[in-house]
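Below: one structure, written as structure tokens.
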Amino acid sequence: LTAQIGTVVATAGRIATGGGIIDPDPAMGHAANFLYMLTGKRPSQFEAKAFDVALVLHADHEFNASTFAGRVAAATLTDVHSATTGAIGALKGPLHGGANTDVMNLLLEIGQDATDQKVEEIIRAKLGRKEKIPGFGHRVYRTEDPRATHLRKMSEELCTRTGHRRWFEISQKIEQVVKAQKNLNANVDFYSASTYYALGIPVDLFT
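Quick note on this note's numbering: the sequence shown kicks off at 62 and runs consecutively.
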């Protein structure tokens, strides 16, 4: 089922942008194949490793909303496809896995040409209007989400290698402002946004 989902999502994403269907390469792993089938180019070893780590960091976590939804469905003895569909439905929400989509939309709204001063002004204004900044805070962690620590480093190196460093720099500035103003730490969704974008994954496929 995991292999099928990766193949279907990557292929759907490729068709949506006018590309032809690409068969997975059995010599490559799950993360590398997803990027290959989606973008049409074989990812570098670093790109494949970065995406693989991101997937593991998202999967290997506590008893969150989507895990709970999937287990409730499975407890009724429904089939595994239905239980997984229920879990994905919960994950899709902007207060759960959908947050990284909102983070990237925020970055795109700000624009990569914005100065650090402009970024700070925009974020302070949003906070002043009581708007939530996506990708911050966590119901379990009262310190930094340990997964965010890894993704921050990954985002910096990946964005630098792929010519998207400004997205990382803007993310870092937003993090500094929110930390100073609200004392909230970035969670796993915050830096996964720029990481996925640098890998060539369309925003609507993030979750």
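Ideal Cβ placement from N, Cα and C applies to all residues, glycine included.
Worksheet item: Residues bridged to Phe-229 by DSSP?
Response: According to DSSP, Phe-229 bridges with nothing at all.
Worksheet item: What do you get for Asp-177, buried or exposed, if any count of 16 or more other CB atoms within 10 angstroms of its CB means buried?
Response: exposed
Discussion item. For Ala-241 and Thr-204, I'd like the C-alpha separation in whole angstroms.
Written reply: 14 Å
Item to complete: Evaluate the contact criterion for the segment 154-171 versus the segment 207-221: three or more CB pairs, one atom per stretch, below 8 Å.
Response: no
Worksheet item: Touching or not, the segment 167-174 and the segment 228-241, by the rule of three or more beta carbon pairs under 8 Å?
Response: yes
Worksheet item: Under a Cβ-count criterion, where at least 16 other Cβ atoms within 10 Å of its own Cβ denotes burial, should Phe-129 be classed as buried or exposed?
Response: exposed
Fill in: Cβ neighbour criterion (16 or more within 10 Å) applied to Thr-72
buried
Worksheet item: Can you tell me whether Ile-262 is buried or exposed, with buried defined as 16 or more other CB within 10 angstroms of its CB?
Response: buried
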